[in-house]
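Undergrad: As numbered in the numbering used here, residues 1 to 267 make up the sequence shown, in order. Even for Gly, the Cβ is constructed at its ideal location relative to N, Cα and C. As the structure is a prediction and not an experimental result, all values here were calculated from the model. Please see the structure below; I have some questions.
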Amino acid sequence: MGGLKPGRDACDERGHAADGARSDDKTARLEKLLDIHFKDLRLLVQALTHSSCEGVDPLASNERLEFLGDAVLKLVTAWHLYVTHPGASEGELSDMLGRAVSERSLAEAADRLGIADFLRVGRSLEATGGRRLPSVLADAFEAVLGAVFLDQGLEAARRLVVRELRPGSEPDRGANGRETRNYKAILQEFFQKREKSIPEYEVVREEGPDHDKTFTVEVRLGGGPVGRGSGKTKKMAEQAAAADALVRMGMLPAAENARAEGGEACD
């Protein structure tokens with residue numbers, strides 16, 4: 001993003017162990033929030049070190065990790081949108097990408113994680129409340145993502161982006177205003193490209209009287225279950241099962257599962 005870059009001055013450490021020791025309770029708390037246990041904790045400490053800190057080599061601030069994280073962010077977000085929106089045009093994908101990686105979106109994600117409380121910033125920036133500036137928060141999120149990529153790999157970075165940014169989560173809606181997102185099509189396209197096979201759906205339970213049945217469906221790949229869902233029709237249950245499989249694979253946030261069970265069924 002490339003946000004505010006004030007001159008360096010004395011650093012407000014906020015209790016950080018600058019050497020990256022895991023005895024630093026604050027850093028350990030952020031690891032828990034990120035659901036990631038860093039192999040090299042120094043990467044996370046660097047991601048949280050703003051360039052305004054005096055005595056910090058510019059190459060040891062979070063700017064390089066921010067640069068890397070920006071590239072990783074665009075890659076995994078574009079890939080996620082491509083897979084989960086098979087019917088979207090290039091222009092629609094670009095619009096969704098722009099919203100997902102905007103400064104506002106990144107700053108809001110950083111705020112939800114409480115990243116501001118973990119940052120090491122210069123005292124002049126601290127005195128003006130700069131650690132909570134959207135530009136500073138957005139840059140910090142990208143830097144943390146870059147650190148996750150280096151320490152844990154691309155898949156961990158993708159999971160973090162999908163969970164915290166929910167790219168493309170705005171529901172598609174039909175003429176009646178109800179959601180019409182086709183989870184079965186998303187899942188089928190994903191498996192056809194990656195596994196060279198097609199998922200199969202099986203009704204495993206029917207409950208209730210004939211006029212008010214609830215169906216439970218399992219979606220299987222290679223004979224093994226990968227997702228399960230329920231609905232008032234078989235089609236709705238299949239959509240819910242596909243959404244559950246996508247959530248389990250980290251392709252969709254968990255909230256999508258409940259949305260699929262209550263939404264409109266698609267063929």
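P134 to G153, Cα distance in whole Å?
TA: Counted from its first residue, the sequence shown places residue 134 at position 134. Counted from its first residue, the sequence shown places residue 153 at position 153. When rounded, the distance between both Cα atoms is 27 Å.
Undergrad: Distance check for R132 and V204, CA to CA, integer angstroms please.
TA: Sequence index remark: in the sequence shown, residue 204 carries index 204 (1-based). Sequence index remark: in the sequence shown, residue 132 carries index 132 (1-based). One C-alpha to the other measures close to 50 Å.
Undergrad: So, do the stretch 139–146 and the stretch 34–49 have three or more beta carbon pairs nearer to each other than 8 Å?
TA: Because the criterion of three Cβ pairs below 8 Å is met, the stretch 139–146 and the stretch 34–49 touch.
Undergrad: Cα-Cα, which of H211, D70 and A243 is closest to S102?
TA: Here the question's residue 102 lines up with position 102 in the sequence shown. The shortest Cα separation from S102 among H211, D70 and A243 belongs to D70.
Undergrad: Could you pull out every unbroken beta strand (DSSP E) segment of at least 3 residues lying fully inside the stretch 172–254, listed in chain order?
TA: Complete beta strand (DSSP E) runs here, min 3: 200–207, 214–221 and 224–231.
Undergrad: In terms of residue numbering, what span does the alpha helix (DSSP H) encompassing V161 cover?
TA: Locating residue 161 in the sequence shown gives position 161, where the first residue counts as 1. Run containing V161: L154 to L165, per the alpha helix (DSSP H) assignment.
Undergrad: Whose C-alpha, out of T84, A156 and N62, is nearest the C-alpha of K39?
TA: The residue given as residue 39 occupies position 39 in the sequence shown. For the residues T84, A156 and N62, the minimum Cα distance to K39 belongs to A156.
Undergrad: How about V226 and R248: are their beta carbons less than 8 Å apart?
TA: Residue mapping note: residue 226 aligns to position 226 of the sequence shown, counting from 1. Residue mapping note: residue 248 aligns to position 248 of the sequence shown, counting from 1. Yes, Cβ-Cβ distance for V226 and R248 is below 8 Å.
Undergrad: Short of 8 Å in beta carbon distance, which residues of its chain neighbour M251, apart from the five on each side in sequence? Order them along the chain.
TA: Mapped onto the sequence shown, residue 251 falls at position 251. So the qualifying residues of the chain are H80, V83, T84, V162, I186 and F190.
Undergrad: Which ranges would you report for the alpha helix (DSSP H) in the stretch 75–160 if only whole runs of at least 4 residues count?
TA: Runs found: 90–100, 103–113, 123–127 and 134–152.
Undergrad: Counting C-beta neighbours from all protein chains within 10 Å, is the total for P86 16 or more, i.e. buried, or is it exposed?
TA: Mapped onto the sequence shown, residue 86 falls at position 86. Its Cβ having fewer than 16 others within 10 Å, P86 is exposed.
Undergrad: Just the C-alpha distance for L68 and E142, rounded to the nearest angstrom, thanks.
TA: Here the question's residue 68 lines up with position 68 in the sequence shown. Here the question's residue 142 lines up with position 142 in the sequence shown. Distance between the alpha carbons of L68 and E142: 8 Å.
Undergrad: Determine, using beta carbons only, whether T77 and L97 come nearer to each other than 8 Å.
TA: Position 77 of the sequence shown holds residue 77. Position 97 of the sequence shown holds residue 97. Yes, they are a contact pair.
Undergrad: In angstroms with no decimal places, state the Cα-to-Cα distance between P209 and F215.
TA: Looking up residue 209 in the sequence shown gives position 209. Looking up residue 215 in the sequence shown gives position 215. The alpha-carbon atoms of P209 and F215 are separated by roughly 11 Å.
Undergrad: Got a sec? Which residues, its chain only, sit under 7 Å from L73 by beta carbon, not counting five neighbours each side?
TA: Working through the sequence shown from its first residue, we reach residue 73 at position 73. Excluding residues within five positions, the ones whose Cβ falls inside 7 Å are V101, E142, L145 and V161.
Undergrad: Tell me which same chain residues have a C-beta within less than 7 Å of the C-beta of K5, skipping the five on either side of it?
TA: Walking along the sequence shown from the start, residue 5 turns up at place 5. Below a pLDDT of 50, predicted positions are generally treated as unreliable, and K5, at 45, falls in that range; the measurement from the model is reported next regardless. Answer for K5: S51, listed in chain order.
Undergrad: Using C-beta distances below 7 Å, list every residue in its chain close to I198, excluding the 5 sequence neighbours before and after it, in chain order.
TA: Numbered from 1 along the sequence shown, position 198 holds the residue referred to as residue 198. Same-chain partners within the cutoff: Q188, F191 and Q192.
Undergrad: Please look up how many angstroms separate the CB atoms of F118 and K26, rounded, as I've assumed it's under 8 Å.
TA: Translated into the one-based positions of the sequence shown, residue 118 becomes position 118. Translated into the one-based positions of the sequence shown, residue 26 becomes position 26. Indeed, because the Cβ distance is near 6 Å, the residues count as touching under 8 Å.
Undergrad: State the Cα-Cα distance for the pair V121 and G91, rounded to the nearest angstrom.
TA: To locate residue 121, count along the sequence shown from 1; it is residue 121. To locate residue 91, count along the sequence shown from 1; it is residue 91. Rounded to the nearest angstrom, the two C-alpha atoms are 39 Å apart.
Undergrad: Following the continuous alpha helix (DSSP H) through V56, name the residue where it begins and the one where it ends.
TA: Within the sequence shown, residue 56 is the residue found at index 56, counting from 1. Taken as a continuous stretch (DSSP letters only), V56 belongs to no alpha helix (DSSP H), as it is neither H nor E.
Undergrad: Among the residues of its own chain, which have a CB less than 7 Å from the CB of Y183, if the five just before and after it don't count?
TA: Taking the sequence shown and counting its residues from 1, one reaches residue 183 at position 183. Q239, A242, A243, L246 and A260, listed in sequence order.
Undergrad: Whole angstroms are fine: how far does the CA of G114 sit from the CA of A60?
TA: Residue mapping note: residue 60 aligns to position 60 of the sequence shown, counting from 1. Residue mapping note: residue 114 aligns to position 114 of the sequence shown, counting from 1. Roughly 22 Å between the two C-alpha positions.
Undergrad: In terms of alpha-carbon separation, which member of G222, G223 and K213 lies closest to K232?
TA: Within the sequence shown, residue 232 is the residue found at index 232, counting from 1. With distances taken between Cα atoms, K232 lies closest to K213.
Undergrad: For Y82, is the beta carbon positioned less than 7 Å from some heavy atom of the ligand PLP?
TA: As far as ligands go, the structure on display features none, and thus does not contain the ligand PLP.
Undergrad: Roughly how many whole angstroms lie between the Cα atoms of L165 and D151?
TA: Here residue 165 corresponds to residue number 165 of the sequence shown, with the count starting at 1. Here residue 151 corresponds to residue number 151 of the sequence shown, with the count starting at 1. Between L165 and D151, the C-alpha separation is close to 20 Å.
Undergrad: To the nearest angstrom, how far is the alpha carbon of G229 from that of D57?
TA: Here residue 229 is taken as the residue at index 229 of the sequence shown, counted from 1. Here residue 57 is taken as the residue at index 57 of the sequence shown, counted from 1. Looking at the two C-alpha atoms, the distance is approximately 53 Å.
Undergrad: Can you give me the C-alpha to C-alpha distance between E277 and K235, rounded to a whole angstrom?
TA: Residue numbering for the chain in the displayed model covers 1 to 267; residue 277 lies beyond these limits and cannot be assessed.
Undergrad: Any beta-carbon of chain B closer than 8 Å to the one on Y183?
TA: Within the model displayed, chain B is absent; a lone protein chain is all it includes.
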